[in-house]
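**Q** First residue of the sequence shown? That's 289 in my numbering, and the numbers climb one at a time after it.
Yeah, the Cβ is synthetic: ideal placement off N, Cα and C, and Gly gets one too.
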Amino acid sequence: MTILVTGGAGFIGANFVLDWLAGSDEAVVNLDKLTYAGNLQTLSSLQGNDRHIFVHGDIADSGLVAELLKTHQPRAVVNFAAESHVDRSIHGPQAFIETNVVGTFQLLEAVRAYWGGLAEQARQAFRFLHVSTDEVYGSLAAGEPAFTETHQYQPNSPYSASKAASDHLVRSYRHTYGLPVLTTNCSNNYGPYHFPEKLIPLMIVNALAGKPLPVYGDGQQIRDWLYVKDHCSAIRRVLDAGVPGEVYNVGGWNEMPNLEIVRRVCALLDELRPRADGKPYAAQISYVTDRPGHDRRYAIDARKLERELGWKPAETFESGIRKTVAWYLDNPQWVEGVQSGSYRDWVEKNYAGRTA
C-alpha cells in the first residue's frame with residue numbers, strides 16, 4: 289500500500305513523512321515543489337529508503353499528479369502543500385492564491401479523476417485529507433469560546449483567505465462529487481525542522497546569534513501551540529478513522545501570548561546555552577511595529593477529535609518547547625543550511641523599517 293503526500297519537504301509535511309515511515313510499512317510518494325520552505329536536508333535520513341519516493345513537482349501540475357496517481361495507485365492523498373506565512377502573504381499574496389487555491393483545485397481535479405476510475409472496494413477505502421489552519425476562523429476576543437468545527441469562517445489575511453478558499457473547494461468536492469475528503473484545521477505548530485521565519489525558531493536563531501528578538505506590537509497576541517509530532521499523530525488518526533466529509537480541529541490546549549512564548553524560549557536558552565557575558569537572552573527582546581491586520585487571539589477546541597477518534601496531544605507546552613529548543617541547539621548545520629541569501633533578504637525586507 290502507498291500514500292501520496294504533497295508538500296512533504298516542508299515543516300509539517302516532512303515531520304509527517306519521517307514519522308509515517310518510522311511507524312508504518314506503507315510507502316510514501318512525496319511530491320514537493322521545493323520552494324524556499326521545502327528542504328530535502330530534513331529528509332536526508334531517508335536516503336536509500338525505497339519506501340520513500342521523492343518527486344520534485346507542483347500540485348498545480350495536473351499532468352504530473354495524474355501520472356503519479358496512475359503509477360503508484362495510492363490509497364490516500366494527504367495535502368500539506370501550501371504557502372503558509374502571513375507576513376509573506378501581506379508582501380506578496382499572488383503566490384498564496386496560485387498554490388493554496390489554484391493548486392488545491394488542480395490537485396482535487398486529478399484526484400477526482402483517479403478516484404472515479406478505481407474499483408468499488410478501493411473507491412470506498414480511498415481518502416483525501418486536506419491539512420488546513422485555525423486562521424480561517426478569524427480572530428477571537430478575550431473570553432470568547434475557542435474555535436469549534438462549526439465556527440463561521442472569517443479570514444483576515446491573504447494567507448488565511450487562500451486557505452479558507454481551499455477548504456471550501458475540498459468541501460464542495462465531497463458534496464458535489466462524493467469524493468471521500470477529510471479536513472483538519474490546526475493551531476500554531478512548533479518543533480524540529482521549522483523554517484526560521486516563524487516565531488519560535490526565529491527567536492532561537494536570533495538569540496544565539498546575538499541579534500534582537502523582534503516582538504510585534506505589545507506581544508499579547510494569543511495563539512494555541514501544538515507540537516508538530518502531536519499534529520502528525522492526529523493526522524494519522526483522522527486518516528485511519530475519520531468520517532468522510534467531516535472536519536476535525538487539532539490543537540494543543542496551550543493558549544499563550546507571543547511575549548510569554550519568547551520569554552520561555554529565552555529562559556530555556558539561559559539554562560541550556562547561557563550567553564558568554566552572563567546576561568539573560570530576554571535582554572535582546574525588541575518591540576517592533578505590529579503586523580498589519582494582526583489577529584489578536586486564536587484558540588482551538590479539539591474536543592471533537594478526542595471524543596470521536598480518541599486523540600489528544602502527548603506533549604505539554606513545557607515538554608514540547610524543551611525538546612524544540614534542544615533540537616535547534618543540537619542541529620546547527622541544518623539551521624545554517626536553510627539560512628540562505630534569499631532567507632536573509634526576506635528577513636531584511638520584513639523587519640527593516642519597523643520602528644522599535
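I think Val623 touches Leu560, with their Cβ atoms under 8 Å apart; what is that distance to the nearest whole Å?
**A** So it is not a contact: roughly 15 Å between Cβ atoms.
**Q** Report yes if the C-beta distance between Asn477 and Val516 is below 8 Å; otherwise report no.
**A** It is a contact, given that the beta carbons lie within the stated cut-off.
**Q** Hey, out of Glu485, Pro381, Asn318 and Gly380, whose CA is closest to Leu352's CA?
**A** Among Glu485, Pro381, Asn318 and Gly380, the Cα nearest to that of Leu352 is on Asn318.
**Q** Helix, strand or coil: which one does DSSP assign to Ser420?
**A** In this structure, Ser420 counts as strand in the three-state DSSP scheme.
**Q** Around the Cβ of Ala452, are there at least 16 other Cβ atoms within 10 angstroms (buried) or fewer (exposed)?
**A** Result: buried.
**Q** Kindly indicate the opening and closing residues of the beta strand (DSSP E) around Glu543.
**A** Its beta strand (DSSP E) spans residues Glu543 to Pro545.
**Q** Ordered along the chain, which non-local residues of its own chain (more than five positions away) have a Cβ less than 7 Å from that of Asp558?
**A** Contacts found: Pro568 and Tyr569.
**Q** Whose CA, out of Met491, Leu357 and Thr472, lies closest to the CA of Ala401?
**A** Nearest option by C-alpha distance: Leu357.
**Q** Answer yes or no: do Phe304 and Phe393 have a C-beta to C-beta separation smaller than 8 Å?
**A** Cβ atoms of Phe304 and Phe393: not closer than 8 Å.
**Q** Does the count of Cβ pairs from the stretch 600-619 and the stretch 527-535 closer than 8 Å reach three?
**A** Touching, no.
**Q** Short check: CB of Thr472 to CB of Ile549, under 8 Å?
**A** Their beta carbons are not under 8 Å apart, which means Thr472 does not touch Ile549 by this criterion.
**Q** With Gly507 and Asn546 assumed to form a contact (beta carbons below 8 Å), what rounded beta-carbon distance in angstroms separates them?
**A** Confirmed, about 5 Å.
**Q** Within 10 angstroms of its Cβ, does Met289 collect 16 or more other Cβ (buried), or is it exposed?
**A** Exposed is the call here.
**Q** Do the CB positions of Leu428 and Tyr536 come within less than 8 Å of each other?
**A** Not closer than 8 Å, so no.
**Q** Count the other CB atoms, across all protein chains shown, that sit within 10 Å of the CB of Asn542; report buried if there are 16 or more and exposed otherwise.
**A** Buried, because 16 or more other Cβ atoms sit within 10 Å of the Cβ of Asn542.
**Q** Going by beta carbon distance, what residues of the same chain come within less than 7 Å of His582, once the five residues before and after it are set aside?
**A** Excluding residues within five positions, the ones whose Cβ falls inside 7 Å are Tyr504, Gly505 and Gln509.
**Q** If you drop the 5 nearest sequence neighbours on each side, which residues of the same chain put their C-beta closer than 6 Å to that of Ile385?
**A** Ser450.
**Q** Out of Ser350, Ala571 and Arg339, which one is the CA nearest neighbour of Val552?
**A** For the record, residue 552 in the displayed sequence is Arg; it is not Val. Checking every option, the nearest Cα to that of Arg552 belongs to Ala571.
**Q** Apart from the five residues on each side of it in sequence, which residues of its chain come closer than 8 Å, Cβ to Cβ, to Ala495?
**A** Same-chain partners within the cutoff: Leu501, Val553, Cys554, Leu557, Tyr569 and Gln572.
**Q** From Val365 to Phe342, what does the alpha carbon distance come to, in whole angstroms?
**A** Rounded to the nearest angstrom, the two C-alpha atoms are 14 Å apart.
**Q** Confirm, please, whether the CB-CB distance from Pro381 to Pro446 is below 8 Å.
**A** Yes, Cβ-Cβ distance for Pro446 and Pro381 is below 8 Å.
**Q** Go to Asn303, then tell me how far its alpha helix (DSSP H) extends in each direction, as first and last residue.
**A** Unbroken alpha helix (DSSP H) run through Asn303: Phe299 to Gly311.
**Q** Does Trp403 come out as helix, strand or coil in the three-state DSSP assignment?
**A** Three-state result, Trp403: helix.
**Q** Which residues in the same chain have their Cβ closer than 6 Å to the Cβ of Asp578, if we skip the five residues on either side of it in sequence?
**A** Around Asp578: Tyr504 and Gly505.
**Q** Buried or exposed for Gly296, please, with buried defined as at least 16 other CB atoms from any protein chain shown within 10 angstroms of its CB.
**A** Looking at its Cβ environment, which holds 16 or more other Cβ atoms inside 10 Å, Gly296 is buried.
**Q** If I follow the unbroken alpha helix (DSSP H) through Trp622, where does it start and stop?
**A** Pro620 to Val626 is the extent of the alpha helix (DSSP H) around Trp622.
**Q** Starting from the C-beta of Asp589, find all residues in its chain whose C-beta is less than 8 Å away, skip the five residues before and the five after it, and write them out in chain order.
**A** Answer for Asp589: Pro433, Ala434, Phe435, Thr436, Asn537 and Gly539, listed in chain order.
**Q** Take His439 and list the residues in its own chain whose beta-carbon comes closer than 7 Å to its own, dropping the five residues that flank it on each side.
**A** Same-chain partners within the cutoff: Tyr425.
**Q** Tell me the DSSP secondary structure of Val531 in three-state form.
**A** Coil, per DSSP.
**Q** Compute the Euclidean distance between the alpha carbons of Pro489 and Gly566, then round it to the nearest angstrom.
**A** Distance between the alpha carbons of Pro489 and Gly566: 22 Å.
**Q** Report the residue from Arg376, Leu292 and Ala315 whose alpha carbon sits nearest the alpha carbon of Leu395.
**A** Of the listed residues, the one whose Cα sits closest to Leu395 is Leu292.
**Q** What do you reckon, are the CB atoms on Ala383 and Ser350 nearer than 8 Å?
**A** Cβ atoms of Ala383 and Ser350: not closer than 8 Å.
**Q** Report the CB separation of Gly326 from Gly345 in whole angstroms; it is logged as a contact under 8 Å.
**A** Not confirmed; about 11 Å, so no contact.
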